[in-house]
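Line by line, the protein sequences are chains A and B. Plus 8 on top of the position in the first sequence (first one is 1) and you've got the numbering used here. Plus 8 on top of the position in the second sequence (first one is 1) and you've got the numbering used here. Note that the Cβ used here is the ideal one computed from N, Cα and C, for glycine as well. These numbers were taken from a predicted model, which means no experiment stands behind them.
There are 2 protein chains.
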Amino acid sequence: MIAYKGDILYAPTPDRFTVIENGYVLVGDDGKVVATGGSLEALLEATSRGDSDGVDVADQSCTTDETDSITIVDRTGSLIIPGFNDLHVHAPQYPQAGLGFDYELLPWLEKYTFPTEAKYADIDIADHWYRRFITHMWQVGTLRFSAFATLHNEATLRLMQLCQESGLKPLIGKVNMDRNSPNYLVEDTDDSLSSTEQLIQQSRKLTPDIGFIITPRFVPSTTPELMVGLGELAQRYDVPVQSHLDENRNEIDWVRELHPDIPTYTEVYEQYGLMPNNRTIMAHCIWLTDRERAILKDHGVWLAHCPQSNMNLTSGIMPVRRNLDYGLKVSIASDIAAGHEPNMNRHIVTAIEASKMKTFETGYEHDRPLSLSEAFHMATKVGGSFFGKVGSFEPGYDFDALVIAEDESLLELSPEERLERFIYAGSSRDIAERYVSGRLIDKPFA
Amino acid sequence: MIAYKGDILYAPTPDRFTVIENGYVLVGDDGKVVATGGSLEALLEATSRGDSDGVDVADQSCTTDETDSITIVDRTGSLIIPGFNDLHVHAPQYPQAGLGFDYELLPWLEKYTFPTEAKYADIDIADHWYRRFITHMWQVGTLRFSAFATLHNEATLRLMQLCQESGLKPLIGKVNMDRNSPNYLVEDTDDSLSSTEQLIQQSRKLTPDIGFIITPRFVPSTTPELMVGLGELAQRYDVPVQSHLDENRNEIDWVRELHPDIPTYTEVYEQYGLMPNNRTIMAHCIWLTDRERAILKDHGVWLAHCPQSNMNLTSGIMPVRRNLDYGLKVSIASDIAAGHEPNMNRHIVTAIEASKMKTFETGYEHDRPLSLSEAFHMATKVGGSFFGKVGSFEPGYDFDALVIAEDESLLELSPEERLERFIYAGSSRDIAERYVSGRLIDKPFA
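Below you can see the structure in the form of C-alpha cells.
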C-alpha cells in the first residue's frame, strides 16, 4: 500500500469540499483508495491492519515496497486533488483550436471542422497531431476523457493505441456520418457499421485500457438505418454511446425538418436505440424542453456541459441550475475545438461564469450561480462516474490524482482558497504529478 | 530608420483588419511609424526619400545603422501586431488573482482586496510583488496600462520607478480613500491630497516615461472634500483621472444613499470635478442610464470594459453594442485581480463571449455580438488612444508592437486566422518580441 501525504481536497458532494490538511490518501496495490484521514495510524487501524510498524517513509519517492509495509509518498505542502474528467472532446479538432468563432455551429463545421477532420485520412498526420493532443491533455491534468475521433478506422485505432501507450484512460469513438456531410467526409451506411464493429473488436485485443464508445456525429449527419445499426452494436457489445443534442437553434430546426414525426431531438436518439441506460453522454443540451429532461433523466444520461464552446459558437447558455435541480447528471467538458483550450480548470471557471451570466437573464431565484465546489464536483466526480468509481477519494475509487505544487502567496490561504487560485489563475506548470489508477504517469510524448 | 518585415496586422477601424502579408512597417528614429506597405522601395519613395540604395539587410538583427540607411529587421513568417493596452488594472492585487469569486464586489473587497493592499505598507513586499506584476504584464504583451496602486506613497513611487526601469509606459495612480474603508487602510483627507501632490511632483522628476493619474478608489470611499481636492490637482497639474463607475447594483444603491441630491453616480464624479474632458477613464460602466451615457460622451470618457471581472464578481454584462452605437469610447481591460489573468488576448475573447451572451438576453437586434476585429481594435487602438497615438501602425503612431512567432498549423491559415488562433489559444510563449516606441524591451526582472 502507498500513503500519499499532503493537503487532500476532493468533492464527494456538490455542496462542499472534503479537506484534510496535512493528511493521507491510502491506496491499495490495485490502485484504489482504501481510506483518507489525518493520522496514518488511525487510518491503518480503521482499515483493520494495525501494522503501522511496517511504515516506510520514502521521502519524494514513489517506489512501492513489495512487502506488507506502507510506502509514504510525502507531498507535504502540496494539494492532492482528483484528476479532471472531460466527457466531451474532439481529438482531431485539436489543431484547429481558436479558429472560426465569428461563425455559428453549422458554417463553422463546414469551414473549419470538416476540412480538418478529412486530413486524418493520412495516418502520419493523425499520428503527429494525436500525440500532441494526448500530451496536452496530460499536461492540463485531464486523465480521463470521452473523445470523438474521425470516421477513419486506421487513425482512430492509432489514437487508441497512443492513448494506451500514454497511461491515460479515455474512451474513444470512431465518428459515424452517412448523410448531409461533405462528399470528402461521408460514409456508406453498411461500411460505417462494419468498420465500427471491426474497431470494437480490434480495440478489445489491442488497447485493453481504452474503451470504445459508439459515436454518431449528430442526428443531421446519420441516417435512421445507421442509427438503428449503431444502437444494435451498442447493445451487442455492451459499449456506451455519445453524441450531440440541442446545441444550436438552427440545428434543432434542421432535426425537426428531418424527423417531423418525432416530437423532440432527444426522442430521435431514444427511438433509434441510441440511449442505453446509464451508458450515454449527450453534449451541450442547451435548449432542452421539460419533456426531454424527463427522458434524459429516465435513461440516466450524462449531460456534457460545454460553456466555452457554447459561448464561442453563440449557441446559448445551458440553464445548469435548473438541470441540476431536475436531478440530471451534469458534467463539465471542454469540447475541443469549439472550446479553444483543453484546460479543465478554465472550463470550471467558464461554467461558473456562464451560470452567473444566466442569473442576469432570469434572476437569482431561477438560476442561482454555481459555487466553486459544485463546479469542481461536476468536473471530477460527475464526469468520472461515467468511467466507474473515478473522480473522488472515497474508499473504492481509483486513485486518479493531481499533485499541485503552487506558487508563493502573499496572503495566508486555506486549502480551498489554494484550489480556487489554481482553478482560476493556475496553469499546467503548477501540476507536479499525475496518477491514474494509482500509477504515476510520465509525459507521454516529447 | 528601421523597416520591420513580417505579416503586418492592425485594426485602424473596428470593422476590419488591415493586413499586409510579407510587408513592412517603417519606423523613424523617434520610434514612430513612418509608413506601412508591401514594397520597401514604394514605401521609401512615398516617404519622399527614394534612397533605397542604402537598404541594409540585417537578418534577425535589431541594430540601427547610424547612417541614413535603413535597417531591416526580418521577421518573415511572424505576425507583427500592435501591443495591448489595458486601461484598468490594480497592480497590488496581482498576488490575490483567482481568489474569492463566490463573493460579489463589496464583500470581496473586505475579505481579500483590502487585506492584500494593506500589505504594501511594507516596501519590501511591494518591491517583490510589483516586480512580478510588471514582468507578467511584459510577458503577456501589455505594453501600456493604467494602474491603480495602493494608498501608500513609498510603494507607489517604487512601482513607478520599476516601470520606468522596465521600459513599459504605463500610467500609475496612488489610490485615494478617506471614508467607508477599514481602519487599517484609510487616509486623512488633507494627507491624501498632499501626498498625491507630492507624488505627482516626485514622479515628474524621477520617472519621466511614467505618467501619474489621479485615482479616487470610488465614490463610496472618497469624501466630497477629497473629490474636490483631487479634481483641483488634476486641473492644476494637467493629469488624467481614473475611477470605477456603475459596476455592481449594491454599490450603485450605496452611492445613491451617500449622495441623495445627485441624480446619478456619473454626476457625482462630474459635479466634484473628476471628469476632465478627454482625460478620464471609468471602469465597468455596466448599469449606465442614457442620461449617464450622454454625460460620458460629452466629457469624452474612456469606458474600461472588464468582462472577466464582471463575470467573476457577478456584477453584470455591459451592453457593449449599445454603448458603441451610442458613440462611447469602449476599451477592454483586465481589472486584475477581479479579473484573474492579465492576458489581454483572453480578455478580448471574454469580451466577445460576453457580447454573445448578452445577445441571448436581449436579442441580436439590440446586442449584436462583437467581431474579432472590433474587440481587437478596442484592446489596441481604443485603449492606446488614451496614451496618444498608440495602438495602431498608421503614420505617426508610436511603434508599440508584438512579434508573434506561432506554432505549426494543420490547416493553411490567413494572417487574420493566425491572429484569431493566437488570441484564443495562444499564450505568452508565442510572443517573441515586444517593442515600445520603437525600442525592443527585454524581460524586466528575473
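Listing by chain order, which chain A residues have their CB less than 7 Å from the CB of residue i?
i      : result
E255/B : Result: empty, since nearest Cβ-Cβ is about 14 Å, beyond 7 Å.
E425/B : L107
DSSP on residue i, reduced to helix/strand/coil?
i      : result
A105/B : coil
D67/A  : Residue confidence for D67/A is low, a pLDDT of 43 falling below 50, so the modelled location carries little weight; the figure read from the coordinates is stated next. D67/A falls in the coil class under three-state DSSP.
W310/A : strand
T322/A : coil
M290/A : strand
G62/A  : Any reading at G62/A must be qualified, since the residue scores a pLDDT of 44, below 50, and its modelled position is unreliable; the value itself is stated next. G62/A: helix per DSSP, three-state reduction.
T72/A  : Because the pLDDT of T72/A is 44, which lies under 50, any placement of that residue in the model is unreliable, and the number read from its coordinates should be weighed accordingly. The answer is coil: DSSP assigns T72/A none of H, G, I, E or B.
F401/B : coil
G392/B : helix
P248/B : coil
S154/B : strand
A19/B  : strand
Y32/B  : strand
N256/A : coil
Give the residues of chain A in contact with residue i, contact being defined as C-beta atoms less than 8 Å apart.
i      : result
S379/B : D110
T367/B : T322
L332/B : Ordered by position in chain A, no residue passes the 8 Å Cβ test against L332/B, which lies about 16 Å from the chain.
How would you list, in chain order, the residues of chain B whose beta-carbon sits under 7 Å from the beta-carbon of residue i?
i      : result
G45/A  : Result: empty, since nearest Cβ-Cβ is about 27 Å, beyond 7 Å.
M319/A : E361, K364 and M365
For residue i and residue j, what's the separation of their Cα atoms in angstroms?
i      : j      : result
F453/A : N320/B : 36 Å
K13/B  : W295/B : 44 Å
Y273/A : Y120/B : 46 Å
V276/B : C171/B : 32 Å
A383/A : I16/A  : 18 Å
S323/B : M168/A : 44 Å
D38/B  : G446/B : 8 Å
I303/B : R287/B : 14 Å
M283/A : P190/A : 27 Å
A11/A  : S422/A : 22 Å
D59/A  : T297/A : Note that D59/A has pLDDT 48, beneath the 50 cutoff, so the model's placement of it is unreliable and the number below is only indicative. Cα to Cα, the separation comes out at about 57 Å.
L201/A : E49/A  : 56 Å
M365/B : A54/B  : 46 Å
C70/B  : A387/B : The pLDDT assigned to C70/B is 44, lower than 50, so where the model puts this residue is not dependable; a value taken from the coordinates is nonetheless given after this. So the two alpha carbons sit approximately 27 Å from each other.
Y334/B : K182/A : 50 Å
P216/B : Q147/B : 23 Å
R24/A  : R429/A : 17 Å
Strictly under 8 Å for the Cβ-Cβ distance: is residue i near chain B by that measure?
i      : result
H348/A : yes
I340/A : no
Y192/A : no
R24/A  : no
A66/A  : Residue placement at A66/A is poorly supported in this model, since its pLDDT is 42, which falls under 50; the coordinates still yield a value, given next. No, A66/A lies away from the interface with chain B (no Cβ there is under 8 Å from its Cβ).
K127/A : yes
I133/A : yes
Checking contacts by CB at 8 Å: is residue i closer than that to chain A?
i      : result
M386/B : no
I325/B : yes
W137/B : yes
G106/B : yes
L418/B : yes
E300/B : no
T124/B : yes
P248/B : no
R429/B : yes
P103/B : yes
T29/B  : The question names Thr, but residue 29/B in the sequence shown is Glu. No, because no Cβ of chain A sits closer than 8 Å to the Cβ of E29/B.
Taking C-beta pairs closer than 9 Å, name the residues in chain B that residue i reaches, listed in chain order.
i      : result
I89/A  : Here the premise fails: no neighbours, minimum Cβ distance about 15 Å.
Y432/A : A105, G106, L107, F109, N320, H348 and E349
Can you find a CB in chain E that lies within less than 8 Å of the CB of residue i?
i      : result
T231/B : Absent here is chain E; the protein component of the structure consists of chains A and B.
By the criterion of Cβ-Cβ separation under 9 Å, what are the contact partners of residue i in chain A?
i      : result
P115/B : Result: empty, since nearest Cβ-Cβ is about 14 Å, beyond 9 Å.
K451/B : Those within 9 Å of K451/B in chain A number zero; the least Cβ separation is about 17 Å.
Three-pair Cβ contact test at 8 Å for the segment 425-443 of chain A versus the segment 408-416 of chain A
yes
Is the segment 388-403 of chain B in contact with the segment 343-359 of chain A, if contact means three or more CB pairs nearer than 8 Å?
Taking 8 Å as the limit for Cβ pairs, the verdict is that the segment 343-359 of chain A does not touch the segment 388-403 of chain B.
Report yes or no: do the segment 371-383 of chain A and the segment 108-126 of chain A share at least 3 C-beta pairs separated by less than 8 Å?
No, the segment 371-383 of chain A is not in contact with the segment 108-126 of chain A.
Does the segment 196-211 of chain B touch the segment 220-239 of chain B, meaning 3 or more C-beta pairs lie closer than 8 Å?
yes
Are there three or more Cβ pairs, one per stretch, closer than 8 Å when the segment 337-344 of chain A is compared with the segment 308-316 of chain A?
yes
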